[in-house]
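Here the protein sequences come in this chain order: A and B.
Last residue of the first sequence: 344 (the working numbering), numbering continuous.
Last residue of the second sequence: 662 (the working numbering), numbering continuous.
Beta carbons: idealized from backbone N, C-alpha and C, even for Gly.
For clarity, every value in this text was computed on a predicted model and none was experimentally measured.
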Amino acid sequence: MKTLVPLLLPLMFLLSCGGKPPGEGKAPAEGKLINGAGATFPYPVYSKWFDEYHKLHPNVRINYQSIGSGGGIRQLQAGTVDFGASDSPMNDEQIAKSATPPLHFPTVIGAVVPVYNLPGVTGDLRFTPEALAGIYLGTVKKWNDRQIASANAGVKLPATGIIVIHRSDGSGTTFVWTDYLAKVSQSWAAKVGSGTSVNWPVGLGAKGNEGVAGLVKQTPGSIGYVELVYAVQNQIPFAAVRNQAGEFVKAGLDSVTAAAASAVMPDDFRVSITNPPGKGAYPISSFTWLIIPSAIPDPEKRSALTGFLQWMLTDGQPVAKTLGYAPLPPAVVSMELKAISQIR
Amino acid sequence: MAAAATSRVQLFRRRLQAGDEAAHLLTLLFGVSILLITVLLVWELWVNSALPRQKFGLGFLFGRVWDPVAEQFGALPFIYGTVVTSAVALLIAVPFGLGAAIFLAELAPARISSALTFVVELLAAVPSVIFGLLGVFILVPFLRTTVQPALQSTLGYLPIFRGPVLGVGLLAAGVVLAIMIVPFIVSISREALLAVPAEQREAALALGATRWEATRQVVVPYARLGIFGSVLLALARALGETMAVTMVIGNDPRISASLLAPGYSIAAVIANEFTEASSEMHVQALIELGLVLFLLTILLNGVARLLILGMGRQGGRP
């Protein structure tokens with residue numbers, strides 16, 4: 001019995017994760033304390049935003065726990081947080097299960113880039129959608145496969161095996177990556193599908209962007225995928241991907257914003273922008289969303305949240321750019337500003 | 345009636361003041377709370393895994409597919425990975441740990457013994473993520489470039505050393521776990537060896553045994569309960585270890601005979617997928633995995649305890 005106790009504690013911690021977030025029920029020292037939880041990918045820009053907004057409006061304090069998109073959605077459904085945040089929009093079933101119908105507000109755009117480790121290959125590789133899907137399905141097994149070589153004329157590709165590396169932890173990055181592969185490859189859509197965790201046909205799993213980047217760096221002949229912000233901040237070279245318009249595009253703030261601009265935005269903002277039709281658009285990008293209940297009974301909290309949304313969509317966007325996140329296209333911003341009035 | 349109650353209360357208060365009753369109640373409370381926490385935990389795991397239990401039944405334990413998108417969940421690859429990595433860890437750590445404990449308790453000069461013991465106990469306090477980092481940056485590249493090619497060129501005909509050389513995998517996880525659990529085995533086994541009465545040693549020596557014979561034939565058998573206890577504690581730690589394992593195991597839910605292949609453990613998949621699991625079925629399947637890990641631990645502990653009982657009957661002390 002005694003020997004079990006160290007084993008139990010982590011499990012108990014996991015179970016308790018569904019409970020109240022810290023700070024709930026505590027009287028705020030000053031003004032209103034607003035609690036949110038969710039996605040880890042936008043956490044750096046969110047914490048910066050909440051901090052800056054608190055400086056401008058000292059009576060509003062926003063506490064954000066980056067516990068992951070799934071956890072954020074669950075806590076929002078249970079009503080233990082005032083708002084959630086997610087890298088993938090809630091599906092109809094999840095919305096139906098929420099006590100209050102939630103509204104989605106895109107905040108910034110992220111992109112996922114392929115990274116690789118091929119000793120002796122200098123210069124950037126270029127991937128077609130078919131090559132990426134083939135590699136991750138396990139049908140493209142060697143680096144000098146015709147699917148890869150055809151897009152990389154002049155690059156001497158070795159005849160070695162490809163070691164596929166993917167995320168082991170459930171993540172929005174995986175969702176965007178698999179969402180893209182499912183759109184460009186029918187066999188991917190049929191065999192694997194898209195999600196924050198999927199049943200990978202091949203490959204090794206590594207935890208977090210840092211885990212994937214680290215394993216790729218260590219393993220000659222490997223390929224992986226990481227978030228654009230992570231690759232840029234750590235100066236990891238990444239490959240260009242062919243978009244629907246037929247151009248090979250490298251991810252960057254402009255090509256990612258272009259992807260968002262070329263998508264047809266529905267009224268509820270729940271849209272996937274992978275594989276967009278536009279010229280110059282990077283094909284593996286996605287919005288990340290703040291998810292806010294459509295009815296907030298507490299007038300103070302409501303005005304604090306709507307005030308923050310206003311600020312985030314206008315003055316907040318340049319802040320995102322300095323941290324490496326692609327800002328929203330102007331058309332989306334004006335749509336969102338109108339949608340704020342839906343919060344009652 | 346009232347008088348009898350009063351006198352009973354007075355009696356109770358007197359005993360309470362004497363300290364006996366207070367100590368009894370307090371320690372009873374602590375003892376019961378351990379049981380309560382365990383029961384509560386199993387209950388929570390059981391209740392919160394209703395969906396997959398209904399959908400898959402016992403098939404959950406034998407399913408080989410883990411597909412969150414199609415909501416197909418089977419635990420077998422994770423059970424396999426957990427058991428194999430723990431077994432590899434014990435296979436490496438028990439001889440090492442026991443050898444070190446014998447040296448520290450029986451053979452080393454007192455000063456060296458106490459210094460080394462201090463270092464061992466320090467090692468036991470290192471957080472597991474540190475071992476994971478060392479595993480990723482030092483052990484895995486070393487395994488990939490040196491150990492695994494050597495294993496393949498000498499023992500490659502064995503199925504357990506076949507397949508591509510990746511560095512990460514079941515072997516890497518087993519080795520990292522072994523390093524993590526050695527301090528437990530050393531520390532507790534050493535205590536058990538030191539607790540062997542001096543008369544036992546002296547008697548053996550007086551009968552003409554050499555120092556090593558006395559150690560091997562008298563001291564170690566005498567201390568074997570404590571030594572087994574240390575192995576059990578080490579096994580429990582290995583089964584439940586999460587962070588260090590997930591960093592080096594390769595996180596691929598497949599069952600392969602080769603130790604060089606990637607695998608996945610129960611604790612690792614729970615930690616990896618729980619935060620981002622969005623469907624209720626996925627969350628509950630992960631919770632059911634927690635239940636499976638719990639039962640697996642109880643089962644392995646039970647088997648080990650039976651082994652000890654069996655050894656106790658073979659005579660000798662205690």
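For S351 of chain B, not one C-beta of chain A is nearer than 8 Å to its own C-beta. Taken atom to atom, the span from the alpha-carbon of L420 of chain B to that of R61 of chain A is near 47 Å. Across the stretch 405-425 of chain B, CB contacts with chain A closer than 9 Å involve V409, W410, D411, P412, V413, A414, Q416, in sequence order along the chain. Taking a C-beta cut-off of 9 Å against chain B, the contacting residues of the stretch 171-189 of chain A are S171, G172, T174, F175, T178, listed in chain order. Looking at the DSSP output, A85 of chain A sits in a beta bridge with A:G38, A:L290. Among the residues of the stretch 478-507 of chain B, those with a Cβ less than 9 Å away from any Cβ of chain A are V480, F481, V484, P485, R488, in the order of the chain.
Between A258 of chain A and I273 of chain A, the gap from beta carbon to beta carbon reaches 8 Å or more.
A straight line joining the alpha-carbon of S622 of chain B with that of L33 of chain A spans about 27 Å. For the pair T288 of chain A and T107 of chain A, the CB atoms are nearer than the 8 Å cut-off.
With respect to the C-alpha of L309 of chain A, the residue from A:K207, A:T178, A:P297, A:M335 having the closest C-alpha is A:M335.
For V184 of chain A, the enclosing alpha helix (DSSP H) starts and ends at 172-184.
Excluding sequence positions up to five before and after R488 of chain B, its CB lies within less than 7 Å of the CB of V509, L510, G511, all in the same chain and listed in chain order. In its chain, beyond the 5 residues on either side, A611 have a beta carbon closer than 6 Å to the beta carbon of G584 of chain B. Rounded to whole angstroms, R568 of chain B and L379 of chain B show a C-alpha spacing of 27 Å. Using beta-carbon distances, A621 of chain B counts as an interface residue toward chain A, with a partner under 8 Å.
In the three-state scheme derived from DSSP, where H, G and I count as helix and E and B as strand, E585 of chain B is classed as coil.
A contact is defined here as three or more CB-CB pairs under 8 Å, and the stretch 598-614 of chain B fails this definition with respect to the stretch 176-189 of chain A.
In the DSSP annotation of this structure, the continuous segment of the alpha helix (DSSP H) that includes V319 of chain A starts and ends at 316-322. Between G511 of chain B and chain A, the shortest Cβ-Cβ separation is below 8 Å. Take the alpha-carbon of A548 of chain B and the one of S393 of chain B: they are about 57 Å apart. In the structure shown, V226 of chain A adopts extended strand secondary structure according to DSSP, grouped into three states. In this structure N91 of chain A is exposed. Its beta-carbon is surrounded by fewer than 16 other beta-carbon atoms within 10 angstroms. Bounds of any beta strand (DSSP E) do not take in A494 of chain B; it lies within the alpha helix (DSSP H) bounded by 492-499.
Taking a cut-off of 8 Å for Cβ pairs, the stretch 531-541 of chain B and the stretch 441-451 of chain B touch, as three or more such pairs fall below it. Counting of Cβ neighbours within 10 angstroms places R555 of chain B among the exposed residues, the total staying below 16. Take the alpha-carbon of S377 of chain B and the one of E620 of chain B: they are about 32 Å apart. By the criterion of a C-beta distance shorter than 8 Å, P396 of chain B is surrounded in its chain by F404, F417, M625, Q628, A629, E632, once the five residues flanking it on both sides are discounted. Along the stretch 238-249 of chain A, there is no position whose C-beta sits under 9 Å from a C-beta of chain B.
At a beta-carbon threshold of 7 Å, none of the residues of chain A lie near G607 of chain B; the nearest stands roughly 10 Å away. Interface annotation for the stretch 196-207 of chain A against chain B: T196, S197, V198, N199, W200, G203, L204, G205, A206, K207, criterion Cβ-Cβ distance under 8 Å. Only exposed fits A153 of chain A, as fewer than 16 other CB atoms lie within 10 angstroms of its CB. Here P421 of chain B carries a helix assignment [DSSP, helix/strand/coil]. A distance below 8 Å separates the beta carbons of I423 of chain B and L640 of chain B.
Short of 6 Å from the beta carbon of F248 of chain A, and not among the five residues preceding or following it, lie these beta carbons of its own chain, in chain order: R126, A240, R242. With contacts defined as CB atoms closer than 8 Å, V519 of chain B and L483 of chain B qualify as a contacting pair.
Contact between P527 of chain B and A468 of chain B holds: their C-beta atoms lie close to 4 Å from each other, under 8 Å.
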